[in-house]
Structures are given as C-alpha cells and as structure tokens.
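What follows is a short report on a single structure.
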Amino acid sequence: MKKVMLKTTLSLAVAMASSQLFASGFALNEQDVAGMGTGFAGRSSSAENASTVYGNPAGMARLEGQQITGGVAAIDASTNIKDTSGRSRGSNKGDMVPFTAVPFGFYTNKLNDQWAVGFGVYAPFGLVTDYESGFQGRAFGSKSEVQVITFQPTVSYAFNDRVSIGFGPTINRISGTLESEPSLQALVPGSGDNRIKVKGDDTALGFNAGILVQATDTTRVGLTYHSKVKYKLEGHTEVSPGAGVPATVLANRRYDASLKVDTPESWDLSVTQDLSDVWKLYAGASWTRWSRLKDITVENEGVTRAGGIAAPGMVGTIKEEQNWHDTWAYAVGTSYRVTKQVVLRTGLTFDQSPTNNTDRSPRIPTGDRTIFSLGLGYDVMPNMTVDLAYSYLKEEPIKVARSNALGQSYNAKYENSANGFGLGVTYKF
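With mature numbering (1 follows the signal peptide of the UniProt record, and there is no 0) applied, the sequence shown corresponds to residues -23 to -1, 1 to 406, in that order.
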C-alpha cells in the first residue's frame, strides 16, 4: 500500500520539544529534588540518595543499607508572545504549558562491601502543551502530549573504597498525542479549520552506565552515560474536516500511522568537592547528541479519496527538516550544612537549546536557558530526610517563522520563563 504523509501535520518528535521543563530539547532533569537544589551540578558525583540509580548507578556502592527516594517536581511556565504576523488570524495568549508534575521513585540495597542493587521509575523525556482555542499559529501545532516512563533495574560493583562502576538496562514506554488545525481556506473558500490528530506508542530498550572515583579524601568524580533509545511509534492519524469542506475534498478519516524517533544519548561529568565539614562545592557538564534529530517523517497508510487520488494537502513522503545540534549544559552549586539536621543548597545552570532560527516552530519555541536554584534538606528523623527545591528559568527571546503549502504562515517572538518546585523524601532502613 502506498504510504503518504499529511504535510500539515508536524511530527510527534517535534511536538516533544516544546516542553518548558528544565533540560534542553524535550529531556527532563527532574529525577531528584536534592539535585534540583544545586541546579543538578554534581549529579554524577554526589550519590547522596537512591536517585543515584539514574544520576550515576555506580553511586549505589556509597549508600549504606537500603534506601527509598521518591518525590515529585512541578513546573509553572509563562510565555509572552509578541510581534506576531502571518496569514492566519487568532489569539496569542501564550498560556500553552499547563501546571505539570513529574513523579519519580528509586530503591537501593547494598548487599555487601562490593555489590549493590537498585531499581528506578522515572520520566526522562516528556511534555504537555495546549494552546488556547483559536490560537493564531494553530495550523503549526495546537496541542501536544507526550509521556516517556522508564523502568531501570540496576547493579553496581565496588572494586575498593575508591572506585565503583554501575549499570542498568532501561525499559522505556513512550506514548503521545499531537494535534494541529490547518485550514483549506485557500482551496475551499469559506471552509473552517480542520483538525489533524496523531497518536502513537512504543516500548524500547536502552541502558545507563557510570563510574565513580574517590580521587582524594575530599574530591569525588563521576561520569555517567545514558544511551540513545530507538522507537518506532505505531498508532493512527485522525482527520476531521472543518465546516464547509466537501467530502470529495477531505473526508473524516482514520489512518494507520508510524513514526521513527531516537531519544539521544548523553554524557554527564561532574565533581563533588568537600570544602570543609559544612561546605560542599558541585560542578558538572553534560553533552547531549541532539544532532540525531535532522528530520522527521510521519507515515500514514491509505491517505487517498475516491479514485485513488490524494486529497488536497496530502502529498507523498515529506521530510520535516529539524537540523538540531548537539548541546552542552554547565552547572555549579554549593551546599551548606547549617545544623546537623538542616542543609541549604543553591545552584546556577546554563543550558543550550538544540533548535535553530530557521526550523523552529510553535511546538519548539525555546532558546538557551539560565536557571537559578535553591534547596533545603531537613532530617526529620535520623533515617528520614525531606528535600525541598525551587528553580527559576529564564530563556533568551527567540523568533518563530513558519509557513505551509496551504498558504498559511505564522511569525512571532517568544519570551519564556518558568518556576519549578520540588518535594522529595528519602527513607533509610
């Protein structure tokens, strides 16, 4: 069967990138509230609780007994859309990211002086964006919802009290929904907006690995690798024609759809330095291979009308150019133990965006980010710690300029910011 693509439909992977969370592209950093307080500086070297299953599996060798770490991070994003123009009409409220929560949970068990095991459930990628009804740029994206949930059994081995390694295979489940509302006004005068909705899901395997070195009595260095994961999402595309569109032009149809996308690999290198009995300094750099996302193709089977002729707006296989580039993120942070029970944290992060000015769309209205973080840890009991964190994110202003074959266009300037909140609990037994 001939496969064709809806030119007015953007890819599901592109939809992911509009997430306003605290990592570049559509990656999520929110797997540890204590780490959130230091801007995730030292993530690969700190090994302070069971979330090291994700941060650096080798760090499990440093944790005594059994530990459980769980919590939730939430974000309240704000966008100011200005200097808009284009051949489409509509509003530009900018309130497209609802208040979003990201939960996580980890468990570790040190079996003996050499071996430790653990398990984690977390979200490494994801987003929810939902523009208002009548959004001016709705032809290029009106709603996106993507979830990636990862299950990670993990093992670590300590060669001695200085060097340990860790490894964990990951089982990853991705699901998503993408909507856009193009118009056939140029082809059918007086017609209303059409709705195109793409849904799909898949399960795929990857792995995380790390090494942790106690270089000196006061200096710890960690390196973590998160592998790429290859997905082939299978689902369907639903087309709902607007008012005034004859069935001979565009009928209400449902098509089998597929999309191939790789979530990228990344490296994280960090250092934890004990400055004194109460002060610690953290520093880290991470690299993500976003250049894997050069273009995207959504394939739909049987997109034809009577006589086997493709309906207007439906053409042969088309590549959606993205041309993302690799990114670096840098972070520094400190912690100060005020009392035996209380520790204060702070962090500063600089995070590059993988997008470019040519291919950026309303689904990916993000630029380079600066993030300021604060945190508090409180030992409510000798074996129980509660962590709180707050982060403020500010992006550089960026521009969006899009057009399609139906004669629609949208140009705007986006100014994004966000407030992040985290609550976590670690219990030792």
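Note that the Cβ used here is the ideal one computed from N, Cα and C, for glycine as well.
With distances taken between CA atoms, ASN86 lies nearest to ALA38 out of VAL238, ALA38, GLU122. Scanning the stretch 168 to 249 from its first residue to its last, no whole alpha helix (DSSP H) run of 4-plus residues comes out. By the beta-carbon neighbour count (other beta carbons within 10 angstroms, threshold 16), HIS302 is exposed.
With respect to the C-alpha of LYS59, the residue from PRO342, GLY42, THR77 having the closest C-alpha is PRO342. When only Cα atoms are considered, VAL357 and GLY97 end up about 24 Å apart. Cβ atoms of SER157 and ILE173 come within 8 Å of each other, at about 5 Å.
If you compare the alpha carbons of VAL320, ALA389, ASP194, ALA35 with that of GLN250, the shortest gap goes to ASP194. In this model, ASN396 and TYR369 are separated by some 5 Å (Cα to Cα). Rounded to the nearest whole angstrom, the CA to CA distance from PRO359 to GLN318 is 9 Å.
Inclusion of THR316 and LYS257 in the CB contact set at 8 Å is not warranted, their separation being larger than that value.
Collapsing the DSSP output to three states places MET73 in coil. Contact check for GLY114 and THR131: beta-carbon distance about 42 Å, past the 8 Å limit, so the pair fails to qualify. Residue nearest to ILE126 within the set THR240, GLY71, PRO339 is THR240 (criterion: CA-CA distance). If only complete runs of 3 or more residues are kept, the stretch 136 to 163 shows the beta strand (DSSP E) at 140 to 157, in order along the chain.
Non-local beta-carbon contacts of TRP267 in its own chain, meaning distances under 6 Å to residues more than five positions away in sequence, involve GLY2, PRO241, TRP301, ASP303, THR304, PRO331 in chain order.
A distance of 8 Å or more separates the beta carbons of PRO75 and ALA4. The count of Cβ pairs closer than 8 Å, one atom from the stretch 19 to 34 and one from the stretch 374 to 385, stays below three, leaving the stretches out of contact.
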